[in-house]
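Colleague: Residue numbers (this note's numbering), protein chains in the order written: chain Z, 8 to 323; chain G, 8 to 323.
#1: Taking Cβ-Cβ distances shorter than 8 Å, what residues in chain Z pair up with residue 327 (chain G)?
#2: State the DSSP-derived secondary structure class of residue 85 (chain G), mapped to helix, strand or coil.
#3: Would you kindly report the start and end of the unbroken beta strand (DSSP E) that includes residue 129 (chain Z)?
#4: On the three-state DSSP scale, how would you describe residue 47 (chain G)?
#5: For residue 78 (chain G), decide whether its Cβ has a neighbour in chain Z, counting only Cβ atoms nearer than 8 Å.
#6: Does DSSP put residue 10 (chain G) in a helix, a strand or coil?
#7: Is there a Cβ of chain G sitting closer than 8 Å to that of residue 44 (chain Z), yes or no?
#8: Please confirm whether residue 68 (chain Z) has its beta-carbon closer than 8 Å to some beta-carbon of chain G.
#9: Using C-beta distances below 6 Å, list every residue in its chain close to residue 86 (chain G), excluding the 5 sequence neighbours before and after it, in chain order.
#10: Can you tell me whether residue 182 (chain G) is helix, strand or coil according to DSSP?
#11: Run through chain G and tell me which residues come within less than 9 Å of residue 33 (chain Z), C-beta to C-beta.
#12: Roughly how many angstroms lie between the CA atoms of residue 131 (chain Z) and residue 99 (chain Z), to the nearest whole one?
#13: Using a C-beta cutoff of 8 Å, does residue 41 (chain G) count as contacting chain Z?
#14: Can you pull the chain G residues whose beta carbon is under 7 Å from the beta carbon of residue 314 (chain Z), in chain order?
#15: Answer yes or no: does any C-beta atom of chain G fall closer than 8 Å to that of residue 278 (chain Z)?
#16: What does the Cβ neighbour count give for residue 307 (chain G), buried or exposed, with the cut at 16 atoms within 10 Å?
#17: With a threshold of 7 Å on Cβ separation, who are the neighbours of residue 137 (chain Z) within its own chain once the five nearest residues in sequence on each side are excluded?
#18: Of all the CB atoms in chain G, is at least one closer than 8 Å to the CB of residue 274 (chain Z)?
#19: Output the residue ranges of the alpha helix (DSSP H) runs that lie fully inside the segment 128-209 of chain Z and measure 4 residues or longer, sorted by chain position.
#20: What is the DSSP secondary structure of residue 320 (chain G), reduced to helix, strand or coil?
#21: Which one of G:230, G:72, G:180, G:125 has the shortest CA to CA distance from residue 210 (chain G)?
#22: Of the choices Z:175, Z:254, Z:241, Z:70, whose alpha-carbon is the least far from that of residue 386 (chain Z)?
#23: Beta carbons nearer than 7 Å to chain G: which residues of the segment 54-67 of chain Z have them?
#24: Starting from residue 252 (chain Z), trace the alpha helix (DSSP H) both ways and give me its first and last residue.
#25: How many angstroms separate the CA atom of residue 75 (chain Z) from the CA atom of residue 197 (chain Z)?
#26: Using a beta-carbon distance below 8 Å, is residue 93 (chain G) in contact with chain Z?
#27: Residue 64 (chain G): buried (16+ other C-beta within 10 angstroms of its C-beta) or exposed?
#28: State the start and end residues of the unbroken beta strand (DSSP E) segment that holds residue 261 (chain Z).
#29: Please confirm if the segment 65-73 of chain Z is in contact with the segment 20-40 of chain Z, defined as three or more CB-CB distances below 8 Å between the two stretches.
#30: By Cβ distance, which residues of its chain are closer than 6 Å to residue 133 (chain Z), with the 5 residues on each side in sequence left out?
#31: Listing by chain order, which chain Z residues have their CB less than 9 Å from the CB of residue 319 (chain G)?
#32: Indicate the three-state DSSP secondary structure (helix, strand or coil) for residue 286 (chain G) in the structure shown.
#33: Per the DSSP calculation, residue 34 (chain G) is bridged to which residue(s)?
#34: Compute the Euclidean distance between the alpha carbons of residue 195 (chain Z) and residue 163 (chain Z), then round it to the nearest angstrom.
#35: Near residue 77 (chain Z), which residues of its chain fall below 8 Å by C-beta distance, leaving aside the five closest residues on each side in sequence?
#36: DSSP has residue 310 (chain G) in a bridge; who is on the other side?
What follows is the structure in structure tokens.
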């Protein structure tokens, strides 16, 4: 018997807590993509989520589930991407301060989005050390609570609500596939499937240039990749230990894809489905198009994680 | 009392006829676009329609409503765009031949899409004369029925089903806005509103470089524009007399926008809603963002007509 750190009751509670603040995103299908993939795909469109990505779920749950007194001191995180926006949005909704440490090299559009939610931004050097030092200093100065982008049980529990909605609306899935970076979404997805429909096999797609989860699963222990690099810039984070404790028990396989395969899958979804997904979001699509065998003839839920792309820098 | 050439019963019948063959497209909303526009927008997403555009409705209705004996001889049209695909798809579904005259300069991707539906393509010179001569010759040789892209009552009746779905799902609209090119969609939309919710005001957006509908409405008679030109390449056709007979009675106003405003609106929808729309489709969005007054605080249905763009040639 595996001991899991998050119960289904906690996922249900998180879903009730965050539902007033997030979108129940639609599930879309495409006959022409099904034909190409050789299976029936059900796309859970978190690219239509608030802030344009599933991260709103974990961010809102982490902030809203803090005890009232603690929450009043605000929240702090370091991120250059969707998590920064998620925490800024959640703090705005909760009416508490958000302190976001962003590398000064972050794209202007992301700096503006975070500032637009009223967060206080501290710019740092683009290194892990500078990020962490700044976040720690702000924690000490303000009493704000640090919220990790993925290695945090309240974040994982929030991300688990995405698969909960998918499985409630589409009840006969054989497989669910998501991308994996730090592992918060994958761990949450695997937990929901395990508790509600344990026959579902959970897969993840991972970029070749950041395949630490693949290696970690092979070795049975967290194995880092030196200087991860991929067009899927949302998936460069290393697997968190809290997430890996869940993933190693509940995930069937990690499927590795190249940047070229990611761009091809992204283009396919844009052209056939007329929806905008970011490179990180195309990774599970690339995986199921590449490793066809396990998916043939199956009903497959695909979590489309986000749609935040810089239209001036498209890869096609 | 105005005499209208299409009854509501005919629109209902068309909807029953085509429903098994087309998608009931979703209606999407966006808080952030509402905030920018200063009104409540309900986007009817025909960019998710079969062939990626509303033209599937008119095409399927025109082909499926032909008498059986006549239909067996096939259908013919000339088009370089979405109407060619719509007729090819409808003929494939009906199991009859489709003869499509396309200018040899048409984009490869569109030629491939039409060929993919099994249509027989005849390439012609890129002139109206060559298009018409070829279509007439094929009609004479094959006995196929010519189907105009817009100046045809069965096509107008098919396009009217789009607003019918919109109004059935969202019952308290004050305004509906669509783009106008040849006028098939606008005439159909105005008919549906007139018959089911006559208090709704119907507006259209039109590109400045092809503003023949605007001029026609001013003069009260069809007024052509020499060499129409716009990034909204689906709206270059001249107003048809059948459509104008409906539009002049039932449409409140035509709002003219520049190509720059069209691109800006297109980008806004891509970035905020994460959906792909083509320039022609962005025209009503550009119009309501430019001419704010009539829309302020109102509930506005916007027909998003299509999402067929060449990703290698984006205007941003």
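Virtual Cβ for every residue (Gly too), placed ideally from N, Cα, C. Please read all numbers here as calculations on a predicted model, not as lab measurements.
Modeller: Inspection of the coordinates gives the following:
#1: A query on residue 327 (chain G) cannot be resolved here, the shown segment of chain G reaching from 8 to 323 and no further.
#2: strand
#3: 127-131
#4: Strand.
#5: Not an interface residue.
#6: coil
#7: no
#8: By this cut-off, residue 68 (chain Z) is not an interface position.
#9: 156
#10: strand
#11: For residue 33 (chain Z), the C-beta contacts it makes with chain G under 9 Å involve 33, 35, in order along the chain.
#12: 23 Å
#13: no
#14: 281
#15: yes
#16: buried
#17: 131
#18: yes
#19: 135-149, 160-176, 191-203
#20: When secondary structure is reduced to three states using DSSP, residue 320 (chain G) falls in the helix class.
#21: Closest option to residue 210 (chain G), Cα to Cα, is G:180.
#22: It is not possible to answer for residue 386 (chain Z), since the shown part of chain Z is limited to 8 through 323.
#23: 54, 55, 59
#24: Bounds of the alpha helix (DSSP H) holding residue 252 (chain Z) are 248-257.
#25: 30 Å
#26: No, its Cβ sits nowhere closer than 8 Å to a Cβ of chain Z.
#27: Under the 10 Å beta carbon count, residue 64 (chain G) is surrounded by 16 or more other beta carbons and is classified as buried.
#28: Element bounds for residue 261 (chain Z): 260-264.
#29: yes
#30: 110, 112
#31: 323
#32: Judged by DSSP in its simplified three-state form, residue 286 (chain G) adopts helix.
#33: Its beta-bridge partners are G:51.
#34: 5 Å
#35: 152
#36: G:51
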